[in-house]
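Going by the numbering used here, the sequence shown opens with residue 1157, and the numbers climb by one from there.
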Amino acid sequence: MDRSYRTPKAWLTKTSGFLQGYDYSLNPYVGCTFACSYCYVRKMPVALFHKGEWGDWVDIKQGVKETFSNELVRAKKRGRVHLFMSSSTDPYQPVEVEEKVTRSLLEVMADNPPDFLFVQTRSPLVTRDVDILQQLGKRVRVSLTIETDLESVRKAFAPKAPPIQGRKRALHALYQAGIPTQLTVAPILPSSDRFAESYVSIADQVCIDTFELGDGANGKRSRALRMPERLTELGYETWYEEAALEKVHRQFCAHFDESRVKLSQEGFLP
Ligand code: SF4
């Protein structure tokens, strides 16, 4: 893995498009070594104009204590601060164990909380920070993405991302610690009929999203990544269709209160 360090001019990036309800996105890293095959960031400038294959490199942002605290103070003076962490990297990818950029950002936010913080990850490492997340109370929601309950499917699409059982245990631990939690099934990958039932008591809400709705380009990026072909190769061609969304949505609504099962953008609202 190619690792480099940089001091960002700004930590907070004004949001637009998909991130409705948010004022800024916050990315502790550039790049992501989970390297999910369907990751739409692969087709964004941040990846297209960087040297090396997506997943082989990560740029580590430095200077949290020196610059982020002041930037947060200034942002709060300007108005509402709803933060989305992270939109184009995983804040708990493996390098975070050593670098602790995400933890440092959270420490600053515990002292001076934003109005709302959405934490989006696929990694059980998020449980390391339970102590700080608890300090944020209802101002935070942690979303664990679990796209399928089938480990064979996870390995086919995201072999370097954490195994499903570890993510599930992490979601449970956060829920038990009283941290607002979300199970995010995005993008929907082929799953079993028993997916929903085992998550009922470990997530406050569910968000379901698809390749077409969730890649920020009406499916264009997912098609460029040949996701329909990949599903077909594996014998799952019907899972790219709208019917897959209906099927998974129905299954979750059978086990969760319908008001707690959100679709696409709605599920990421503060
Ligand atoms: S964890 Fe998220 S950012 Fe990282 S490769 Fe997977 S989809 Fe992309």
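Heads up, the beta-carbon is just placed ideally off N, CA and C, and yes, glycines get one too.
Go ahead and pull the three-state DSSP assignment for residue i.
{"i": "residue 1341", "result": "strand"}
{"i": "residue 1411", "result": "helix"}
{"i": "residue 1238", "result": "strand"}
{"i": "residue 1256", "result": "coil"}
{"i": "residue 1186", "result": "strand"}
{"i": "residue 1382", "result": "coil"}
{"i": "residue 1251", "result": "coil"}
{"i": "residue 1206", "result": "coil"}
{"i": "residue 1397", "result": "coil"}
{"i": "residue 1225", "result": "helix"}
{"i": "residue 1322", "result": "helix"}
{"i": "residue 1174", "result": "coil"}
{"i": "residue 1351", "result": "coil"}
{"i": "residue 1330", "result": "helix"}
{"i": "residue 1199", "result": "helix"}
{"i": "residue 1231", "result": "helix"}
How close, in whole Å, do the beta carbons of residue i and residue j come, if the pair is a contact with beta carbons under 8 Å?
{"i": "residue 1254", "j": "residue 1168", "result": "No, residue 1254 and residue 1168 are not in contact; Cβ-Cβ is about 24 Å, not under 8 Å."}
{"i": "residue 1297", "j": "residue 1274", "result": "6 Å"}
{"i": "residue 1408", "j": "residue 1362", "result": "5 Å"}
{"i": "residue 1314", "j": "residue 1193", "result": "7 Å"}
{"i": "residue 1182", "j": "residue 1261", "result": "7 Å"}
{"i": "residue 1185", "j": "residue 1257", "result": "7 Å"}
{"i": "residue 1299", "j": "residue 1268", "result": "Wrong, their Cβ atoms sit about 23 Å apart, outside the cutoff."}
{"i": "residue 1231", "j": "residue 1178", "result": "That belief does not hold up - the Cβ atoms of residue 1231 and residue 1178 are roughly 12 Å apart, past 8 Å."}
{"i": "residue 1360", "j": "residue 1416", "result": "7 Å"}
Per DSSP, residue i is paired with what?
{"i": "residue 1335", "result": "Note: residue 1335 sits in no beta bridge, so no partner."}
{"i": "residue 1158", "result": "1213"}
{"i": "residue 1181", "result": "1169, 1240"}
{"i": "residue 1418", "result": "1363"}
When you compare only the Cα positions, how much space is there between residue i and residue j?
{"i": "residue 1351", "j": "residue 1301", "result": "13 Å"}
{"i": "residue 1236", "j": "residue 1271", "result": "7 Å"}
{"i": "residue 1200", "j": "residue 1216", "result": "19 Å"}
{"i": "residue 1175", "j": "residue 1308", "result": "31 Å"}
{"i": "residue 1421", "j": "residue 1386", "result": "25 Å"}
{"i": "residue 1381", "j": "residue 1368", "result": "12 Å"}
{"i": "residue 1404", "j": "residue 1163", "result": "42 Å"}
{"i": "residue 1189", "j": "residue 1354", "result": "29 Å"}
{"i": "residue 1312", "j": "residue 1390", "result": "9 Å"}
{"i": "residue 1191", "j": "residue 1317", "result": "7 Å"}
{"i": "residue 1281", "j": "residue 1374", "result": "31 Å"}
{"i": "residue 1286", "j": "residue 1335", "result": "8 Å"}
{"i": "residue 1292", "j": "residue 1209", "result": "36 Å"}
Quiz item: What runs of the beta strand (DSSP E), each 3 residues or longer, lie entirely inside the region 1261-1310?
Solution: Complete beta strand (DSSP E) runs here, min 3: 1272-1277, 1296-1301.
Quiz item: Can you give, in chain order, each stretch of the alpha helix (DSSP H) that sits fully within the region 1354-1380 and has at least 4 residues?
Solution: 1367-1370, 1376-1380
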